[in-house]
Structures are given as structure tokens and as C-alpha cells.
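>
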Amino acid sequence: MKRIIYPVLIAGGASVFFACGTKNGEKEAKAKLPPNIDLSGSFTNSSQETVILSFLPITGEQILDSAKLDENGNFKFENLHVPGIGFYTLKINRGNFCPLILNENQKVKITGDAKNLGYTYSTEGSKETEVFQQISELSMAHKTRVDSLGADFQAKLGPNSVENSKEFVELSAKYEVVYNTLMAEFSKQLVEVINANPKSLACITAVAQLDPSVYIDQYKKLDKDLTETYSNYDSVTTFHEQVLKYITLAIGADAPDLNMQGPDGKQVLLSSLKGKVVLLDFWASWCKPCRRDNPSVVKMYKKFKSKGFEIYAVSLDENKDDWAKAIKTDELTWIHVCDFGAWQSDAVKAYDVTAIPFSVLINKEGRIVNKGLRGEQLEKQVKALLGS
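Be aware that the sequence shown starts at 6, since it is given in the numbering used here, and climbs by one per residue.
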């Protein structure tokens, strides 16, 4: 199956799940075991380079074998044993490689341009690799569209624009609508691939690009299918553990409690705010987007505070003075807490925070209502929850 792609997902978040192999994969890869796969290929533009096949379990890369291309660019691995279904790479050098999903008892042939393997390779005999390539192709097309949108935004904004200016805010709002449309279409394409390939290990790389707060059903279904089919593989175990965390933080779930210290040294329980609509806001003094957003949050807080709205702001600062100065400078009069653990904070781990600003909206019953809302969307939902 021919695909013109680049293996972007290897370096992305999906690779966290895709460190594959049996739980004893490392021992198997090192042992002298009988051949269980037929892997060969033919590359154009070759100079009799050496190709290296590696297995990627959680413990790190394991080189399985190597073969030299002949004068016609052909190669074949003799007596090759693979540890089982998992994520592999075939590389000529560090920057010239292709990802593969291989399994036992397969006969796989790879073709491509030896000078540009990542963009040109295609496979026969590995359905999982074909699905992976399809996902990667969709990802690259989406990235191209988003990059183009960003370039257009910067061009229209101009070099002398000022953040938080009326022009900046209005243009940002317009482009956010377009971005959300692109993201919705991309997500739809990924869901179609997942639905068309049930029990496909490759689909982990698709679902990992979906927002779990919106597409939790896709995560749960894929988790169930893969656990039934590949329960003995590290990648599936890792994926399962992540899905359990997503379920804990799903819309409608009870918000995990936090007990953190405020600027005055006193502990503040998140659960003590039950009965109010709460915005759990992750930020930091050094976070420019957070600081840029603060004026609109201040305005919203003043508008709804007397109606039962509260903000529990968790800072990822490491320096108390920087934290206190930002609170004072931006006139942030709501509840502030920090353990100075930055990205290692217990709160970050509890809510699986990977970037800031990040917010979680919690209703009066202490349940998660939404995540990641900002600006007008956030204010609209707060108003609805307050019934005002």
C-alpha cells in the first residue's frame, strides 16, 4: 500500500502508548530464538547502505538485526525473530527511517527511496503498518492546514500588533473559530479510521490525538478491544492505565480533591467549595497566555462572584515571590494555591495537566462539567450553571 507520509507520530504523544511488545519482550529480543517473520525490501537510489531493524519496548530501543543493501537496493533479514506485535523502526541513519508495526508469522516487503525513506516507504503484508500510515498521512495533512492558518494569522496581524489590543483579540477570536472547525474535521477523520479498524493496535496513534474529554467513548471502546486481544503487551497496558485516568477525569465524574497551601500558608480544600460553581484554573506567573487572559477572568469573576462563583487557581510557579507579585500585579482576588512543584505538582498529576493555561469547570455538586474553556465560552457556561 503506497503512502507518501512522514512518521510524525513516533516523536508525538502517541508513542507513549506505542512502546510495544510482550511483558518479557526484552528477554525474548536478546535470546536466540527461531525465525518467525519474513522481512525483506527493495529501495531505489541506494548506495549499498546498511539498514537496521529495531524494536521499541518501554525499556528502550533494542536493535534486532541489520542487513546491507545489495547493488540493486535489495535486502532480506535472515533468521529474524521478533518479540511479537509491536512498534519497530527500520532505519538507514538517525534521520532516515520508517516506523513499522510487525507481528509474528508475517511476510512483509518494504519499498521506498533510500535517500528519503520516511516520506516514501510503503509496505505489503502488514495491515497494522498500513493503518498507521493512513493515520500519519491524515496527521500531516492536518498539520499543514493548521500551519497555514497560523501563518495567515500572523500575516494579517502585522509586525506592530500588541497583545491584548482590540485588533489582536478580535482577530484571535475569528481564527479560533476556523481552527476549531479544522480540528473537528480532523477528529471526525480519525474516528472513522478507528471505527473501520476495530482491535487495531495502530489506532492508539489515532485516538491519542483526540480530546479525551470529548471522545472518551472512543478511548473506552478501543481500550476494551485491545485488552481483549493483546492483554499481554506493554503498549496495551500503558494505554489501559491512561484510559482509566481519563475516565476519572471525564465529564460528569467527581472532581478529584486537592488540598494545597495558599499565600498565607493555610491549606485550602477544593472540596470545601462544594455548593459553588468553581473554575479550577492552572496557571503560572511565567505563562504569557495565562497572564494575557487574566483581565477577562478578572472581569468575569467580578460579574459572578456574588452569585456563587469561585476560582481555585493552582500555580505552577517554583518561586513564591514571582507568584505573589503576579497575583498582585494582575489584581487576582480569588483563591490561590501552590506547592511549588511546578510540573511535578500533585495537582498537575491528579488532573493530567500537560499545558497551561488549563481549566476545569466544576458544578455545585463537585462534578466536572467541562475542561479547557476560555473567554466567551467559559463565561456562557458559568452563567448557565449559576442559572443567571
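We put the beta carbon where it would ideally sit given N, CA and C, even for glycine.
Taking the alpha-carbon of G117 as reference, which of N110, E109, T128, D262 has the nearest alpha-carbon?
As a working mapping, residue 117 is identified with position 112 in the sequence shown. Checked all of N110, E109, T128, D262; the closest Cα to G117 is T128.
> For the stretch 251 to 338, which segments carrying the beta strand (DSSP E) assignment without a break, of at least 3 residues, lie completely within its bounds, in sequence order?
Segments of the beta strand (DSSP E) lying fully in the stretch 251 to 338: 264 to 266, 272 to 274, 282 to 288, 314 to 320.
> Let me know the beta strand (DSSP E) ranges lying completely inside the stretch 336 to 379, each 3 residues or longer, listed in chain order.
Runs found: 340 to 342, 363 to 367, 373 to 376.
> With a threshold of 7 Å on Cβ separation, who are the neighbours of N84 within its own chain once the five nearest residues in sequence on each side are excluded?
The residue you call residue 84 lines up with position 79 of the sequence shown. Around N84: P40.
> Could you compute how far the alpha carbon of K376 sits from the alpha carbon of V387?
Along the sequence shown, read from residue 1 onward, the residue named residue 376 stands at position 371. Along the sequence shown, read from residue 1 onward, the residue named residue 387 stands at position 382. Each residue's alpha carbon lies about 12 Å from the other.
> For a test of the three-state rule: what should DSSP assign to T64, helix, strand or coil?
Residue numbering aside, residue 64 sits at position 59 when the sequence shown is read from its first letter. Looking at T64 - three-state DSSP - the assignment turns out to be coil, as it is neither helix nor strand.
> Using 8 Å for Cβ pairs, my map puts S71 next to T55. What's the rounded Cβ distance?
Translated into the one-based positions of the sequence shown, residue 71 becomes position 66. Translated into the one-based positions of the sequence shown, residue 55 becomes position 50. Confirmed, Cβ separation roughly 5 Å.
> For T49, which residues from the same chain have a beta carbon less than 7 Å from its beta carbon, with the 5 sequence-adjacent residues on both sides left out?
Stepping through the sequence shown from its first residue, residue 49 is reached at position 44. Cβ neighbours of T49 beyond the five flanking positions: G78, D118, A119.
> Looking at A329 and D286, is the spacing between their C-beta atoms short of 7 Å?
On the sequence shown, position 281 is the one that residue 286 refers to. On the sequence shown, position 324 is the one that residue 329 refers to. Going by C-beta atoms, D286 is not nearer than 7 Å to A329.
> When you compare only the Cα positions, how much space is there between D230 and Y251?
Reading the sequence shown from its first residue, position 225 is the one you call residue 230. Reading the sequence shown from its first residue, position 246 is the one you call residue 251. Cα to Cα, D230 sits roughly 17 Å from Y251.
> Tell me whether the beta-carbon of I42 lies closer than 7 Å to the beta-carbon of Q111.
Start at 1 with the first residue of the sequence shown, and residue 42 comes out as number 37. Start at 1 with the first residue of the sequence shown, and residue 111 comes out as number 106. Yes, they are a contact pair.
> Excluding the 5 residues preceding and the 5 following G280 in the sequence, name in chain order all residues of the same chain whose CB lies nearer than 8 Å to its CB.
Within the sequence shown, numbered from 1, the residue matching residue 280 stands at position 275. Excluding residues within five positions, the ones whose Cβ falls inside 8 Å are G313, K369.
> Note down, in chain order, each residue of its chain lying with its Cβ closer than 7 Å to the Cβ of E109, except the 5 sequence neighbours on either side.
Indexing the sequence shown from 1 puts residue 109 at position 104. Once the five neighbours on either side are set aside, the close Cβ partners of E109 are N41, I42, V87, G89.
> Just the Cα atoms here: how many angstroms apart are V248 and T359?
Start at 1 with the first residue of the sequence shown, and residue 248 comes out as number 243. Start at 1 with the first residue of the sequence shown, and residue 359 comes out as number 354. Each residue's alpha carbon lies about 16 Å from the other.
> Assuming E315 contacts W288 under a Cβ cut-off of 8 Å, what Cβ separation, rounded to an integer in Å, is found between them?
Here the question's residue 315 lines up with position 310 in the sequence shown. Here the question's residue 288 lines up with position 283 in the sequence shown. Going by Cβ atoms, the distance from E315 to W288 rounds to 16 Å, so no, they are not a contact pair.
> Quick one: using the 10 Å Cβ neighbour count with 16 as the cut-off for buried, is L274 buried or exposed?
Against the sequence shown, residue 274 aligns to sequence position 269. Under this definition L274 is an exposed residue.
> My output table needs one value for L74: the three-state DSSP class, helix, strand or coil.
If you number the sequence shown from 1, residue 74 lands on position 69. Residue state, collapsed to three classes: coil.
> Given that a residue counts as buried once 16 or more other Cβ atoms are within 10 Å of its Cβ, and exposed if not, what is G257?
Here residue 257 corresponds to residue number 252 of the sequence shown, with the count starting at 1. Classification of G257: exposed, given that the 10 Å Cβ count is below 16.
> Looking at the structure shown, is G117 part of a helix, part of a strand, or coil, going by DSSP?
What you label residue 117 is simply residue 112 of the sequence shown in a count that begins at 1. G117 falls in the strand class under three-state DSSP.
> Going straight from the alpha carbon of T186 to that of L69, what length do you get?
As a working mapping, residue 186 is identified with position 181 in the sequence shown. As a working mapping, residue 69 is identified with position 64 in the sequence shown. Going from the Cα of T186 to the Cα of L69 covers about 44 Å.
> DSSP three-state label for L95, please.
To locate residue 95, count along the sequence shown from 1; it is residue 90. Note: L95 maps to strand in three-state DSSP.
> Exposed or buried, which one is P217 when buried takes at least 16 other CB atoms within 10 Å?
Position 212 of the sequence shown, counted from the start, is the residue given in the question as residue 217. Buried.
> Contact check, I106 vs A207 under 8 Å by CB: the rounded distance?
Locating residue 106 in the sequence shown gives position 101, where the first residue counts as 1. Locating residue 207 in the sequence shown gives position 202, where the first residue counts as 1. Between A207 and I106 the Cβ distance is about 6 Å, and since that is below 8 Å, they are a contact.
> Quick check on this structure: which residue in V113, V283, N299 has the alpha carbon closest to the alpha carbon of G130?
One-based indexing of the sequence shown puts residue 130 at position 125. Checked all of V113, V283, N299; the closest Cα to G130 is V113.
> Evaluate Q382 with the Cβ neighbour count: other Cβ atoms within 10 Å of its Cβ, from every protein chain shown; 16 or more gives buried, anything less gives exposed.
Locating residue 382 in the sequence shown gives position 377, where the first residue counts as 1. Q382 comes out exposed.
> Do you know offhand how far L321's Cα is from F82's?
Residue mapping note: residue 321 aligns to position 316 of the sequence shown, counting from 1. Residue mapping note: residue 82 aligns to position 77 of the sequence shown, counting from 1. Cα to Cα, the separation comes out at about 50 Å.
> Should the stretch 192 to 204 be regarded as contacting the stretch 135 to 143, the criterion being three or more beta carbon pairs within less than 8 Å?
Touching, yes.
> Indicate whether L61 and F102 have their beta-carbon atoms separated by less than 7 Å.
One-based indexing of the sequence shown puts residue 61 at position 56. One-based indexing of the sequence shown puts residue 102 at position 97. No.
> Secondary structure at E129, three-state DSSP: helix, strand or coil?
As a position in the sequence shown, residue 129 is number 124, starting the count at 1. It is a strand residue.
> Among E181, I221, V282, N165, which one has its Cα closest to the Cα of G155?
Residue 155 sits at position 150 when you count from the first residue of the sequence shown. Among E181, I221, V282, N165, the Cα nearest to that of G155 belongs to E181.
> Does the beta-carbon of A189 have 16 or more other beta-carbons within 10 angstroms, so that it is buried, or is it exposed?
On the sequence shown, residue 189 is found 184 positions in, with the first residue counted as 1. Label assigned to A189: exposed.
> Residue range of the alpha helix (DSSP H) that L187 falls in?
Position 182 of the sequence shown, counted from the start, is the residue given in the question as residue 187. Here the alpha helix (DSSP H) through L187 covers 171 to 201.
> The beta strand (DSSP E) that contains I106, what's its start and end?
Here residue 106 refers to the residue found at position 101 when the sequence shown is read from its first residue. It spans 101 to 107 - the beta strand (DSSP E) in which I106 sits, taken as one unbroken run.
> According to the neighbour-count rule (16 or more other Cβ atoms, all chains shown, within 10 Å of its Cβ), is N299 buried or exposed?
Counting from one through the sequence shown, the residue named residue 299 turns up at place 294. Flag for N299 reads buried.
> Am I right that L215 and L195 are in contact with their C-beta atoms under 8 Å? What's the rounded C-beta distance?
Translated into positions along the sequence shown, residue 215 becomes position 210. Translated into positions along the sequence shown, residue 195 becomes position 190. Right, their Cβ atoms sit about 6 Å apart.
> Put S393 into one of helix, strand or coil per three-state DSSP.
Counting from one through the sequence shown, the residue named residue 393 turns up at place 388. If DSSP states are grouped into helix, strand and coil, S393 belongs with coil.
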